[in-house]
Amino acid sequence: MTVYDLLSRVREDERHDQLMKPVNVLAQHFPGVFTGPYEGRPGEELDIVERELGHIQRISDELAEIADGLPELALAAEEERRRRRGRLVLLGLLATVVVVILVVQGIL
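Sequential numbering of the sequence shown, starting at 624, is according to our numbering.
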């Protein structure tokens with residue numbers, strides 16, 4: 624018995640309609656998600672569907688927060704790359720100056 628089977632067996636009420644909307648949207652985006660058998664106790668169908676949709680919503684919210692923070696992380700990574708590149712340039716300049724001084728002194 625799938626989620627669709629469960630929701631079709633439950634009497635049509637406001638809670639049923641509220642749960643069917645997100646279930647249908649999720650089923651469109653992720654085909655096959657709601658095809659597994661129901662293993663809960665009779666009478667708990669809507670509670671289980673509601674609880675699982677709550678989990679999905681929390682995960683979706685967390686992913687949205689992470690996605691919102693990605694531009695900041697990209698900027699921080701770019702700044703770190705620039706700083707490292709700057710250190711290498713300074714180290715290269717210092718090495719060049721030392722070599723030039725040694726050549727001028729006749730040591731090399």
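Ideal placement from N, C-alpha and C gives every residue a C-beta, glycine not left out.
By how many angstroms is the C-alpha of residue j removed from the C-alpha of residue i?
i           : j           : result
residue 650 : residue 697 : 33 Å
residue 706 : residue 695 : 17 Å
residue 648 : residue 686 : 18 Å
residue 700 : residue 711 : 17 Å
residue 652 : residue 692 : 24 Å
residue 671 : residue 678 : 11 Å
residue 716 : residue 690 : 40 Å
residue 713 : residue 683 : 45 Å
Pick from the options: whose alpha carbon is nearest that of residue i?
i           : options       : result
residue 676 : 709, 644, 717 : 644
Considering only their Cβ atoms, is the gap separating residue j from residue i smaller than 8 Å?
i           : j           : result
residue 638 : residue 669 : yes
residue 667 : residue 642 : no
Report buried or exposed for residue i, applying the criterion of at least 16 other Cβ atoms within 10 angstroms of its Cβ.
i           : result
residue 727 : exposed
residue 646 : buried
The ligand GDP and residue i: does any heavy atom of the ligand fall closer than 7 Å to the residue's C-beta?
i           : result
residue 725 : Among the components of this structure there are no ligands whatsoever, and the ligand GDP is therefore not found.
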